[in-house]
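Colleague: If you read the sequence shown in this note's numbering, its first letter stands for residue 200, the second for the next number, and so on.
Next up is a structure, given as C-alpha cells.
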Amino acid sequence: MGTVQTEVAIIGAGPAGLLLAHLLAQDGVDSVVVERRSRAYVESRVRAGILESSVVELLDNNGLGARVAEEGQAHRGIYLQWPGQRHHLDFVELVGRGVHLYGQSELQLDLGRARDAGGQVSFYGVSGTTLHDVDTDRPSVTFTDADGALVRLEARAVAGCDGKHGPSRQAIPEASRSVFERLYPFAWLGILATVPPSTDELIYAWHPDGFALHSMRSDSVSRLYLQVPVATDIAAWSDERIWDALSTRLGAGQTGWELKRGPIFDKAVLPFQSFVMTPMRHGRLFIAGDAAHTVPPTGAKGLNLAAADVALLAPALISLIREGDARLADAYSETALRRVWRSTYFSWWMTTTLHTTDDPFTSELQRTVLEMTVASRAHSTALAESYAGLPIGV
Ligand code: FAS
Ligand code: PHB
200 MGTVQTEVAI
210 IGAGPAGLLL
220 AHLLAQDGVD
230 SVVVERRSRA
240 YVESRVRAGI
250 LESSVVELLD
260 NNGLGARVAE
270 EGQAHRGIYL
280 QWPGQRHHLD
290 FVELVGRGVH
300 LYGQSELQLD
310 LGRARDAGGQ
320 VSFYGVSGTT
330 LHDVDTDRPS
340 VTFTDADGAL
350 VRLEARAVAG
360 CDGKHGPSRQ
370 AIPEASRSVF
380 ERLYPFAWLG
390 ILATVPPSTD
400 ELIYAWHPDG
410 FALHSMRSDS
420 VSRLYLQVPV
430 ATDIAAWSDE
440 RIWDALSTRL
450 GAGQTGWELK
460 RGPIFDKAVL
470 PFQSFVMTPM
480 RHGRLFIAGD
490 AAHTVPPTGA
500 KGLNLAAADV
510 ALLAPALISL
520 IREGDARLAD
530 AYSETALRRV
540 WRSTYFSWWM
550 TTTLHTTDDP
560 FTSELQRTVL
570 EMTVASRAHS
580 TALAESYAGL
590 PIGV
C-alpha cells in the first residue's frame with residue numbers, strides 16, 4: 200500500500216470539498232481530495248443554479264469571482280404566482296441584496312481549474328474509501344485508486360464532503376449521531392432546454408395540478424421543474440407532456456404571457472428530502488455540505504449551505520493545524536447547525552407552501568400564505584431575508 204501524507208484529507212470533489220480545498224490553499228494548508236466519480240462526471244452534473252450574495256462575495260474574495268461576474272446573472276428577486284396572480288418580490292428593495300444565477304456545474308469547473316493552478320493532488324475514480332482513527336490526531340483514509348493501487352492517505356484532519364450517500368457520516372459512532380429526517384410525497388422533474396427563458400427572473404408557481412418553477416442557465420438555456428409524484432418514471436413523461444404541464448401551470452390566468460418551448464437536452468426526476476445529521480464533527484472528522492444535511496431544492500439552499508459550512512470549517516482547520524488552537528474547531532458544529540436549521544426550515548416552508556396536495560384545507564392555507572406574503576411587507580421581507588441569505592457565520 201502506497202502512503203500519501205497531507206494536512207487535510209478531503210473526501211468528495213463536489214462544491215463543499217473543492218471549495219474547502221481552495222480556502223485551505225489560500226492559507227497555505229495542504230489537502231488531498233479523494234473522489235469516487237470521474238472529474239468529467241462531477242463537472243457535468245446538472246444541479247443547483249442560485250448563489251446567495253454572501254457566497255458570491257466569498258468566491259470573489261478568494262479569487263473565484265471572475266466568471267460569476269462575467270457569466271452569472273444578478274437577480275433582484277423572484278416571482279411568486281398562483282392562477283391569475285403573479286407578483287414580483289424585489290429582494291434588493293426589501294433587504295438590500297439579491298441573488299446570482301450561476302450553474303453549479305460552472306462553479307465546479309472554476310473550482311477544478313483553481314485546484315489545477317495550485318498543483319494540488321486529487322484522486323478521481325477511487326473505490327473503497329474508508330476512514331480510520333478519526334478520534335485520534337492522526338486520522339487516515341484508505342482507498343483503491345483509479346489504477347487499482349491501494350493508498351493510505353495520512354492527515355491531521357479529515358473533511359467528510361461526500362454528499363448524501365458517502366461513508367464519512369458512518370464514521371461517527373451511531374451512539375453519538377442524531378438524525379432528523381422529513382420525506383415528501385412528491386419529487387421534481389427537472390429539464391434543461393435550448394430555449395430563451397420566458398421570464399427575466401425565476402417564477403415559483405402554485406397550481407392545482409402541481410408546482411412549477413421557471414429558472415434558467417443563460418439567455419439561451421432554460422431550466423424548469425415541475426412537481427411529480429414521488430415514484431415517477433421519467434419514461435412516462437414525453438417532451439410534449441412536460442411542456443404542456445409547464446405551460447398549464449406557469450401560464451394559468453397569465454393573460455398575454457406564453458411559455459416558449461424548445462428542444463429538451465437533459466431531464467431527470469429529483470427526489471425530495473429534509474435531512475440533518477448532528478453533530479457535524481467527531482474528533483478529527485469534520486462533516487460539511489450534503490454529507491451532513493440535505494434540503495428540498497425549493498429554497499435554493501443546498502449549494503449555499505455547503506459553501507457556508509466550508510467558509511466556517513476552513514479557518515477552524517487552519518487554526519487547529521497551524522496554531523494548535525481548537526476553539527473554532529470545537530465551535531464548528533454548533534455554529535454551522537444554526538444556519539443549517541434556518542435553511543432547513545425555509546426550504547421546508549417554501550416546499551410545503553408551494554407544492555400541491557389533495558387536501559382542500561391545505562390548498563386554502565397555501566393560497567392564504569401566498570396572498571399574505573405578497574400583500575404584507577413584513578411577510579415578503581421575511582421571505583427575502585431567507586432566500587437572499589444571511590451573511591456567512593451569522
Ligand atoms: P455533492 O453531493 O455535490 O458532492 C459529494 C461528492 O462526494 C460527490 O462528487 C460524490 O461522488 C463524492 N463521494 C460520495 N461517496 C464517496 C466515496 N465513498 N468516496 C469518494 N467520494 C465520494 N441544490 C439547489 O440549491 N438547487 C437545485 O436545483 C439542486 N438540484 C439538485 C439535483 C440533484 C440531482 C442533487 C443530488 C442535488 C441537487 N441540489 C440542488 C443540491 C446540491 O446542489 C447539493 O446541495 C450540493 O451538490 C452539495 O454539495 P456537496 O456537499 O459537495 O455534495
Ligand atoms: C435552478 O436554477 O436549478 C434552481 C433555482 C432555484 C431553485 C431550485 C433550482 O429553488
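Where is the CB? At the ideal position from N, CA and C, for every residue including glycine.
Counting only the same chain and skipping the five closest in sequence on each side, list residues whose C-beta sits under 7 Å from that of E584.
Modeller: V294
Colleague: Measuring alpha carbon to alpha carbon, tell me which of G213, V468, D438 and L504 ends up nearest A535.
Modeller: By alpha-carbon distance to A535, the top candidate from G213, V468, D438 and L504 is L504.
Colleague: Does the distance from the C-beta atom of I209 to that of A356 stay below 7 Å?
Modeller: no
Colleague: Reducing DSSP to helix, strand and coil, say where G327 ends up.
Modeller: Correct three-state label for G327: strand.
Colleague: L263 by DSSP, collapsed to three states: which one?
Modeller: coil
Colleague: Confirm, please, whether the CB-CB distance from L412 to Q188 is below 7 Å.
Modeller: The shown model of the chain, from 200 to 593, leaves out residue 188, and the question about it has no answer.
Colleague: Quick one: grab the DSSP three-state call for W442.
Modeller: helix
Colleague: Have a look at E353 and V231 and give me their C-alpha separation to the nearest angstrom.
Modeller: C-alpha of E353 to C-alpha of V231: approximately 10 Å in a straight line.
Colleague: With a CB to CB cut of under 6 Å and the five nearest residues on each side skipped, what residues in its chain are close to G452?
Modeller: P282 and G283
Colleague: In terms of alpha-carbon separation, which member of L511, A212 and H554 lies closest to R537?
Modeller: L511
Colleague: Kindly give me the distance between the Cβ atoms of Y278 and I402, rounded to whole angstroms, as I take these residues to be in contact under 8 Å.
Modeller: 4 Å
Colleague: Which word fits W456, buried or exposed, when buried means at least 16 other C-beta atoms lie within 10 angstroms of its C-beta?
Modeller: With fewer than 16 other Cβ atoms within 10 Å, it is exposed.
Colleague: Cα separation between W436 and S414?
Modeller: 20 Å
Colleague: With burial defined as no fewer than 16 other Cβ atoms inside 10 Å of the residue's Cβ, what is the status of I520: buried or exposed?
Modeller: buried
Colleague: Beta-carbon distances below 5 Å to any heavy atom of the ligand GDP define the shell here; list its residues in chain order, please.
Modeller: As for the ligand GDP, it is missing from this structure, which binds only the ligand FAS and the ligand PHB.
Colleague: Could you tell me which residues DSSP puts in a beta bridge with D465?
Modeller: L391
Colleague: Whole angstroms are fine: how far does the CA of L223 sit from the CA of S518?
Modeller: 11 Å
Colleague: Does the segment 230-244 come close enough to the segment 371-378 to have 3 or more Cβ pairs within less than 8 Å?
Modeller: Segments in contact, no.
Colleague: Per DSSP, what are the beta-bridge partners of Y403 in this structure?
Modeller: Bridge partners of Y403: L279 and L412.
Colleague: Secondary structure at D508, three-state DSSP: helix, strand or coil?
Modeller: helix
Colleague: Mind checking whether the beta-carbon of R480 lies closer than 6 Å to any heavy atom of the ligand FAS?
Modeller: Outside the cutoff, so no.
Colleague: Would the beta-carbon of E373 be found less than 6 Å away from any heavy atom of the ligand FAS?
Modeller: The answer is no for E373.
Colleague: So the beta strand (DSSP E) Y424 belongs to, where does it begin and stop?
Modeller: S421 to P428
Colleague: DSSP three-state label for F351, please.
Modeller: For clarity, residue 351 is Arg in the given sequence; the question names Phe instead. The answer is strand: DSSP assigns R351 an E or B state.
Colleague: Between the segment 256-263 and the segment 415-432, are three or more C-beta pairs nearer than 8 Å?
Modeller: Fewer than three pairs of CB atoms, one per stretch, sit closer than 8 Å, so the segment 256-263 makes no contact with the segment 415-432.
Colleague: Starting from E373 and walking both ways along the alpha helix (DSSP H), at which residues does that stretch end?
Modeller: Premise fails: E373 is in no alpha helix (DSSP H) and is neither H nor E.
Colleague: For F560, which of helix, strand or coil comes out of DSSP?
Modeller: Helix.
Colleague: So for F342, helix, strand or coil by DSSP?
Modeller: strand
Colleague: Cα separation between G498 and R368?
Modeller: 24 Å
Colleague: Apply the 10 Å Cβ neighbour rule to L349 and answer buried if 16 or more other Cβ atoms are within range, or exposed otherwise.
Modeller: exposed
Colleague: With DSSP run on the structure shown, which of helix, strand or coil describes V232?
Modeller: Note: V232 maps to strand in three-state DSSP.
Colleague: Within the present structure, is the beta-carbon of A215 separated from the nearest heavy atom of the ligand FAS by less than 6 Å?
Modeller: yes
Colleague: Helix, strand or coil: which one does DSSP assign to E206?
Modeller: coil
Colleague: Just checking my contact of T328 with P372 at CB under 8 Å: how many whole Å lie between their CB atoms?
Modeller: About 18 Å; that fails the 8 Å criterion.
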